Ligand SMILES: Nc1ncnc2c1ncn2[C@@H]1O[C@H](COP(=O)(O)OP(=O)(O)OP(=O)(O)O)[C@@H](O)[C@H]1O
Ligand code: SF4
Ligand SMILES: [Mg+2]
């Protein structure tokens, strides 16, 4: 039996500029297993949202998916007819985009926003009030929110509402792009706990995107660190934590202070986050890496396997690690 929920193959995604096309996600390959929480992290601008939108095929102009495949249930999402794509969205595969809680319709009560979602999938809304109550309960919201407008709810309640909507139609896979960013730390942690409970209870596959390392390592079964649109290390959570193979992950972990402090604030690396250096032949992390040597500026590292399903993109591993 195929154990992968989503297979991403040779995905290339970028943005059109007035004169050019700038590639952000480069030759991206990844297999997400059924029933896992797969965490994806990287600094601001590293390409997390671009990747998430591409997996869901919802990249909008000036963004463009240049090439690649995203296999879900033996079909390539990139080649699906619009009708088939609409059918699987929210029912089998749903997506909570970054800042989704701010995208709730401000002039429509929450009840009708749930109904809109059902109608969009050809489902009679009134017959599904029990289902709506059930998902609200899963995210620990009182049914009274149905009679509220979004602005009458707190940020945490709005985010819980969005999560409830995303699981309303029993999806097998959910992508969550920074689902707790901007929330109070305690609320954030309650929501994460609920998400994990829902995921474990219903076996949903979750792709969880964050730039908060503490949260990443708390919630994920497996993790990919991305830098300048490429995976630089990925593997099981404990392997990534105990045996980091890429300097980026290693340095970030060294700096991890406490829950809720964002990695952009703690990183002690020189240079700007995730600068994309087009036409640079070497390692994208070269200018910021304290372990770089001449060869690193000349050769782009491939992704190599360190141990069972633990991969890294560094020419100088394990050498650099012997000196720390
Ligand atoms: N609308 C756009 N037009 C042109 N370039 C864009 C656009 N949106 C994103 N980019 C480019 O793509 C890169 C990746 O952006 P993306 O939003 O995917 O990053 P991110 O990792 O999700 O960041 P954040 O943590 O801030 O959400 C950016 O650095 C930027 O160069
Ligand atoms: S290849 Fe070189 S520059 Fe890149 S991460 Fe490894 S040591 Fe650092
Ligand atoms: Mg983003």
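Numbering (our numbering), first residue to last: 690 to 1013. Cβ atoms here follow ideal geometry from the backbone N, Cα and C, with glycine treated the same way. Because the structure is a prediction, the values reported are computed rather than measured.
Next item on the list: List the endpoints of the continuous alpha helix (DSSP H) containing residue 899.
Entry: Taken as a continuous stretch (DSSP letters only), residue 899 belongs to no alpha helix (DSSP H), being part of the beta strand (DSSP E) at 894-899.
Next item on the list: Mind reading off the beta-carbon distance from residue 729 to residue 913? Whole number of angstroms is fine, and I expect it under 8 Å.
Entry: Cβ-Cβ separation between residue 729 and residue 913: approximately 5 Å, consistent with a contact (criterion under 8 Å).
Note to self: What would DSSP say about residue 746, mapped onto helix, strand or coil?
What the structure shows: Here residue 746 sits in coil by DSSP.
Note to self: Check whether the stretch 990-1010 and the stretch 915-935 are in contact - that is, three or more C-beta pairs closer than 8 Å.
What the structure shows: Output reads yes: the stretch 915-935 touches the stretch 990-1010.
Check: Can you tell me whether DSSP reads residue 710 as helix, strand or coil?
Finding: The answer is strand: DSSP assigns residue 710 an E or B state.
Next item on the list: Could you name each continuous alpha helix (DSSP H) segment of 4 residues or more that falls completely within the stretch 766-824, going from the start of the chain to the end?
Entry: If we require 4 residues or more, the alpha helix (DSSP H) runs fully inside the stretch 766-824 come out as 771-777 and 799-809.
Next item on the list: Output the residue ranges of the beta strand (DSSP E) runs that lie fully inside the stretch 967-999 and measure 3 residues or longer, sorted by chain position.
Entry: Taken in chain order, the whole beta strand (DSSP E) runs of length 3 or more contained in the stretch 967-999 are 993-996.
Checklist line | residue 908: first and last residue of the uninterrupted beta strand (DSSP E) it sits in | finding: Counting along the chain, no beta strand (DSSP E) covers residue 908; the unbroken alpha helix (DSSP H) around it starts and ends at 902-908.
Notebook entry, point to check: Can you give the Cα-Cα distance for residue 834 and residue 719, rounded to whole angstroms?
Noted result: Those two C-alpha atoms are separated by around 38 Å.
Next item on the list: Could you check the C-alpha separation between residue 784 and residue 983 for me, to the nearest Å?
Entry: Taking C-alpha positions only, residue 784 is separated from residue 983 by approximately 42 Å.
Checklist line | residue 762 - DSSP class collapsed to helix/strand/coil | finding: Reduced to three states, the DSSP call for residue 762 is coil.
Note to self: Quick check on DSSP: helix, strand or coil for residue 955?
What the structure shows: Residue placement at residue 955 is flagged as unreliable, the pLDDT there being 43, under the threshold of 50; a coordinate-derived value is accordingly withheld.
Checklist line | For residue 864 and residue 694, believed in contact at Cβ under 8 Å, the rounded distance | finding: Contact between residue 694 and residue 864 is ruled out by a C-beta separation of about 11 Å, above the 8 Å threshold.
Checklist line | Run of the alpha helix (DSSP H) containing residue 883, from where it starts to where it stops | finding: Per DSSP, the continuous alpha helix (DSSP H) segment holding residue 883 begins and ends at 874-891.
Item checked: Helix, strand or coil at residue 937 [DSSP, three-state] -> Helix at residue 937.
Notebook entry, point to check: residue 954: buried (16+ other C-beta within 10 angstroms of its C-beta) or exposed?
Noted result: Its pLDDT being 45, under 50, residue 954 is placed unreliably by the model, and the measurement read from it follows with that caveat. Per the 10 Å Cβ criterion, exposed.
Checklist line | Span separating the alpha-carbon of residue 713 from that of residue 819 | finding: Those two C-alpha atoms are separated by around 43 Å.
Checklist line | CB-CB length for residue 909 against residue 889, believed under 8 Å | finding: That pair is no contact at about 13 Å.
Notebook entry, point to check: With distances taken between CB atoms, is the gap from residue 895 to residue 856 smaller than 8 Å?
Noted result: Taking 8 Å as the cut-off, the beta carbon of residue 895 is found no closer than this to the beta carbon of residue 856.
Next item on the list: Could you check if residue 967 is buried or exposed, using at least 16 other CB atoms within 10 Å of its CB as the buried criterion?
Entry: The residue in question, residue 967, is exposed, as its Cβ has fewer than 16 Cβ neighbours within 10 Å.
Margin query: Quick check on DSSP: helix, strand or coil for residue 950?
Written below: With a pLDDT of only 46 at residue 950, under the threshold of 50, the placement of this residue in the model should not be trusted; the figure read from the coordinates follows. Three-state DSSP puts residue 950 in coil, outside helix and strand.
Next item on the list: Quick one: using the 10 Å Cβ neighbour count with 16 as the cut-off for buried, is residue 999 buried or exposed?
Entry: Buried, by the Cβ-count rule.
Margin query: Let's test the definition: count the other Cβ atoms within 10 Å of the Cβ of residue 892 and tell me whether it reaches 16, buried, or not, exposed.
Written below: Residue 892 comes out exposed.
Note to self: I'd like to confirm something about residue 786: is its beta-carbon nearer than 7 Å to some heavy atom of ligand 1, or not?
What the structure shows: Distances from the CB of residue 786 to the heavy atoms of ligand 1 are all 7 Å or more.
Margin query: Closer than 7 Å to a non-hydrogen atom of ligand 5 - does that hold for the CB of residue 867?
Written below: As far as ligands go, the structure on display features ligand 1, ligand 2 and ligand 3 and does not contain ligand 5.
Next item on the list: Assign residue 836 to one of three DSSP states: helix, strand, or coil.
Entry: Taken through DSSP and simplified to helix, strand or coil, residue 836 comes out as helix.
Checklist line | Rounded separation between residue 906 and residue 873 - CA only | finding: One alpha carbon belongs to residue 906, the other to residue 873, and they sit about 19 Å apart.
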